[in-house]
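Chains as they are written, first to last, in my numbering: chain A, 337 to 543; chain B, 337 to 543; chain C, 337 to 543; chain D, 337 to 543.
The next block holds one structure in the form of structure tokens; read it before the comments.
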DNA sequence: AATGAATGAGATTTCATTCAT
DNA sequence: TATGAATGAAATCTCATTCAT
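Written out as structure tokens, the structure is:
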């Protein structure tokens with residue numbers, strides 16, 4: 337029972353997507369503040385005023401764009417998480433997928449950590465936060481449930497699943513960021529292998 | 337018994353510190369961009385123009401302030417790193433110290449990750465980056481040398497020391513950020529224990 | 337019967353002219369530097385920001401305004417120069433026309449000599465200079481060709497045409513300036529007669 | 337009956353001269369407005385505040401400096417004007433002297449025409465004007481009296497002496513300015529010869 | 001007399017947002 | 001719905017001038 341949209345609505349959606357695409361490019365390059373609606377409008381091939389018929393204001397445009405990206409990211413991870421493999425193997429593939437995604441979208445990931453809390457201080461910052469947190473929570477919950485499965489199967493220690501999920505995210509995100517800021521070419525597979533090993537075995541020898 | 341600085345110079349230093357202190361508060365609350373010199377000047381109880389006799393411009397003030405904070409942070413960690421204890425124990429204490437520091441200075445840590453790369457795009461961003469990277473590298477190197485010591489003593493696997501150092505930082509910073517953004521009261525000791533365990537043993541049971 | 341410009345474009349041109357007119361008055365009264373965009377905007381009955389949709393910045397506005405005036409001045413002189421009269425008579429009329437023009441636009445002529453070289457030191461001064469010099473050269477060349485004609489016809493000595501053209505300009509401009517600065521009401525016809533006589537006969541009796 | 341100054345007064349005068357000398361350099365390079373007291377103070381090797389014990393304010397410093405220069409200029413011309421030679425010859429030497437002076441002090445001459453009227457609009461502009469005009473009038477009067485002498489001796493036509501004096505000044509000043517603005521190396525002797533010839537014989541052949 | 005830190009008014013410029021067409 | 005001209009608040013930075021030492 338798919339929702340069918342009228343031609344008008346479909347065209348409107350398409351234009352909205354065009355604007356989001358232009359916004360992505362400009363925001364990624366300049367950041368939330370330095371990006372101007374003039375530039376986005378020009379890139380989207382609309383007049384500046386037109387943007388306001390699709391988005392409330394600059395911040396709404398920004399957040400809408402980021403939201404879209406997070407959703408896409410989530411979709412990619414869901415693919416991996418749903419595979420029928422041993423938890424440790426899924427975790428390994430998950431880390432690889434995350435690193436790849438961060439790597440390919442580093443500009444946006446940077447934006448995310450850059451502006452996410454900055455938005456909180458802005459006008460209507462609370463709403464912004466409210467729009468983001470659910471996405472993050474769902475992402476985290478998905479990974480946490482993988483950990484829970486691993487524990488249930490005896491593959492993982494009885495470790496806090498939520499914190500572990502967060503740790504996975506932080507390790508991947510942080511590694512990508514560090515490489516990026518050091519202007520090193522990111523060795524994604526290498527980083528992923530390292531992180532996976534660290535996560536699974538830790539660093540202690542047990543002696 | 338030589339005076340190192342003349343009275344005038346000492347007073348000037350003290351005033352400079354006052355301005356940095358005011359800047360810290362305002363920047364932490366508002367972020368680099370939303371903070372205004374008007375507000376900083378008012379809080380520092382100086383005229384706006386006076387700030388320009390101490391700092392080149394807004395960004396210089398911002399970076400000077402952050403630099404100071406990083407240096408302080410580094411000092412704290414050095415204390416821990418120099419203790420005469422088994423590497424695993426030092427690592428454990430290090431994680432606790434980091435978590436505490438992040439916890440108590442979350443506003444600034446947020447700033448750091450927020451604006452660090454934002455600065456890169458700004459006017460003179462390269463200089464900014466150049467002013468920060470050394471501090472980060474030194475920090476990372478200090479932790480890496482602890483890992484190296486652990487490996488030499490047979491306490492740690494032959495794991496990449498630099499990447500491990502980065503991982504420690506990312507896990508702590510990320511955990512603090514996550515708690516902060518979730519508006520959860522940060523359970524520092526709990527987080528620290530979790531991270532230490534994760535780092536040392538990993539999550540896999542080996543089965 | 338094609339419309340050369342759309343209604344919108346025509347209106348925009350008209351508004352641009354309004355701004356230039358207001359700028360002329362304010363700049364003439366205050367000079368480039370002391371004039372403020374606030375005052376110009378108010379006089380033009382536009383918001384300050386609006387000026388920036390018509391001109392790049394203050395200097396562009398200033399130079400655009402002066403350029404317009406020079407062009408108008410040149411047009412007036414061309415009328416005289418193209419008359420079918422003996423060279424000496426044309427010269428006489430030219431001097432009168434110059435004096436009248438300087439007289440009626442003393443405020444601007446003052447500006448011109450005031451700021452012309454001042455602009456050279458400013459940001460983008462070279463461009464400014466580049467925008468002005470051609471106008472001056474064309475003006476000078478037009479008068480020089482009159483002198484050349486006079487020489488060819490045997491009416492004038494074999495005197496350097498370019499220098500003579502410059503001398504004509506300098507005598508008129510200087511006389512107008514001198515009167516102006518002495519706050520004397522300028523006796524244009526009297527000055528013109530004097531300058532013409534000086535130019536044609538010189539002051540020496542030949543004895 | 338020379339006025340003797342105490343050592344203190346002499347030292348004060350010397351310092352005043354040092355400041356004027358520094359001011360000359362900076363004003364000539366930057367113009368009245370763009371020049372800063374900071375730069376002048378530094379060049380004079382005094383603290384900024386010290387300038388205010390010697391001059392009322394920036395404008396006073398500026399005008400004082402220019403006044404000094406005009407006086408020096410006047411002295412040079414007086415030497416020529418007092419020579420015991422035929423008027424036409426004196427005029428010729430005068431033109432040469434003027435051209436040389438303008439040539440060597442073009443930066444200042446430019447300043448003079450640039451800022452003289454600009455000052456009129458400034459705060460206390462009238463006083464400024466009042467300080468300059470007498471110098472100009474005396475200069476003009478000195479040349480006019482030469483013309484009068486020439487007329488009395490039958491060497492010159494019965495031409496308006498004041499206007500003629502002004503014309504001499506304008507021709508020299510204008511020629512120097514024109515060369516300067518065209519960035520041409522000024523051919524002072526050539527210009528002087530041209531101007532002298534123009535002044536004495538005019539351009540008409542009499543046919 | 002000399003200093004130079006402090007001041008704060010004031011200028012230019014940017015840009016998100018509005019609104020008449 | 002689309003436009004883009006107009007707006008004007010706001011922000012950074014400069015610098016002549018003052019004044020306590």
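By construction, the Cβ of each residue, glycine as well, lies at the ideal position given by its N, Cα and C atoms.
From a predicted model like this one, the values you see are computed outputs, not experimental measurements.
1) Since I believe residue 356 of chain C is in contact with residue 373 of chain C (beta carbons under 8 Å), could you give me their beta-carbon distance rounded to a whole number of angstroms?
2) Go ahead and pull the three-state DSSP assignment for residue 409 of chain B.
3) So residue 520 of chain D is in the alpha helix (DSSP H); what residue range does that whole segment cover?
4) Is the shortest distance between the beta-carbon of residue 506 of chain D and the beta-carbons of chain C less than 8 Å?
5) Hey, is residue 499 of chain B's beta-carbon within less than 8 Å of any beta-carbon in chain A?
6) Indicate, with yes or no, if the ligand FAD has a heavy atom lying under 7 Å from the CB of residue 521 of chain D.
7) Using a 10 Å radius around the Cβ and a threshold of 16 neighbouring Cβ atoms, would you call residue 497 of chain C buried or exposed?
8) What residues in the stretch 375-405 of chain A have a beta carbon less than 7 Å from any beta carbon of chain B?
9) For the alpha helix (DSSP H) containing residue 438 of chain A, list its first residue and its last residue.
10) Between residue 537 of chain D and residue 538 of chain C, which are expected to be in contact by the criterion C-beta below 8 Å, what is the C-beta distance as a whole number of angstroms?
11) Expressed to the nearest angstrom, what Euclidean distance is found between the alpha-carbon atoms of residue 436 of chain A and residue 363 of chain A?
12) Can you tell me whether residue 428 of chain A is buried or exposed, with buried defined as 16 or more other CB within 10 angstroms of its CB?
13) What number of angstroms, rounded off, separates the C-alpha of residue 434 of chain B from the C-alpha of residue 445 of chain A?
14) Is there a Cβ from chain B that is less than 8 Å from the Cβ of residue 541 of chain A?
15) Measure from the alpha carbon of residue 479 of chain C to the alpha carbon of each residue in C:525, C:413, C:425, C:380, then state which is nearest.
16) Taking all protein chains shown into account, decide if residue 544 of chain B is buried (16 or more other Cβ within 10 angstroms of its Cβ) or exposed.
17) Using alpha carbons as the reference points, say which of B:492, B:359, B:499, B:489 lies closest to residue 473 of chain B.
18) Inspect the beta-carbon positions of residue 361 of chain C and residue 439 of chain C and report whether they are closer than 8 Å.
19) To the nearest whole angstrom, what separates the beta carbons of residue 410 of chain D and residue 471 of chain D, a pair I think is in contact under 8 Å?
20) State the Cα-Cα distance for the pair residue 383 of chain C and residue 466 of chain B, rounded to the nearest angstrom.
21) Using a Cβ cut-off of 8 Å (strictly closer), state whether residue 514 of chain D contacts chain C.
22) Over what stretch of residues does the alpha helix (DSSP H) that includes residue 375 of chain D continue unbroken?
23) Starting from residue 369 of chain C, trace the alpha helix (DSSP H) both ways and give me its first and last residue.
24) Please compile the residues from chain D whose C-beta is within a distance smaller than 7 Å of the C-beta of residue 286 of chain C.
25) Note down, one range per segment and in chain order, each alpha helix (DSSP H) of at least 4 residues found wholly within the stretch 482-517 of chain A.
26) If you count every other CB in all the chains shown that lies within 10 Å of the CB of residue 394 of chain B, and 16 or more means buried, which is it?
27) What's the C-alpha gap between residue 406 of chain C and residue 515 of chain A?
28) Are residue 476 of chain A and residue 502 of chain A close, meaning C-beta to C-beta below 8 Å?
29) Consult DSSP for residue 477 of chain C and reduce its assignment to one of helix, strand or coil.
30) If we ignore side chains and look at the alpha-carbon of each, how far apart do residue 469 of chain A and residue 403 of chain A end up?
31) When you compare only the Cα positions, how much space is there between residue 337 of chain C and residue 385 of chain A?
32) Could you check whether the Cβ of residue 369 of chain D sits closer than 8 Å to any Cβ belonging to chain C?
33) Between which two residues does the alpha helix (DSSP H) holding residue 387 of chain C run?
34) Less than 7 Å between C-beta atoms, sequence neighbours within five positions excluded: which residues of the same chain meet that for residue 531 of chain B?
35) Do residue 401 of chain D and residue 359 of chain D have their beta-carbon atoms positioned less than 8 Å apart in this structure?
36) Who are the neighbours of residue 409 of chain B on chain A, taking C-beta pairs under 9 Å?
In brief:
1) About 14 Å separates the CB atoms of residue 373 of chain C and residue 356 of chain C; that is not less than 8 Å, and the two are not in contact.
2) The answer is helix: DSSP assigns residue 409 of chain B an H, G or I state.
3) No alpha helix (DSSP H) holds residue 520 of chain D; DSSP gives it neither H nor E.
4) yes
5) yes
6) Absence of the ligand FAD is noted for the structure shown, with no ligands found whatsoever.
7) When all chains shown are included, residue 497 of chain C counts as buried.
8) So nothing in the stretch comes that close.
9) Residue range 423-440 is occupied by the alpha helix (DSSP H) that includes residue 438 of chain A.
10) 4 Å
11) 21 Å
12) buried
13) 24 Å
14) yes
15) Out of C:525, C:413, C:425, C:380, C:413 has the C-alpha closest to the C-alpha of residue 479 of chain C.
16) With chain B covering only 337 through 543, there is no way to say anything about residue 544 of chain B.
17) B:499
18) When the beta-carbon positions are compared, residue 361 of chain C and residue 439 of chain C stay at least 8 Å from each other.
19) With a Cβ gap of about 7 Å, residue 410 of chain D and residue 471 of chain D count as contacting.
20) 42 Å
21) yes
22) In this chain, the alpha helix (DSSP H) harbouring residue 375 of chain D covers 373-380.
23) For residue 369 of chain C, the enclosing alpha helix (DSSP H) begins and ends at 343-370.
24) The displayed coordinates of chain C run from 337 to 543. Any statement about residue 286 of chain C would go beyond what the structure contains.
25) Complete alpha helix (DSSP H) runs here, min 4: 497-517.
26) buried
27) In this structure, the straight-line span from the alpha carbon of residue 406 of chain C to that of residue 515 of chain A is close to 59 Å.
28) Cβ distance < 8 Å, so residue 476 of chain A and residue 502 of chain A count as in contact.
29) helix
30) 10 Å
31) Residue placement at residue 337 of chain C cannot be trusted, given a pLDDT of 42 that sits under 50; the coordinates are not used to answer.
32) yes
33) Taken as a continuous stretch (DSSP letters only), the alpha helix (DSSP H) holding residue 387 of chain C covers 384-390.
34) Within the same chain, 431, 507, 508, 511 come within 7 Å of residue 531 of chain B by CB-CB distance, once the 5 residues on both sides are set aside.
35) yes
36) Here the premise fails: no neighbours, minimum Cβ distance about 17 Å.
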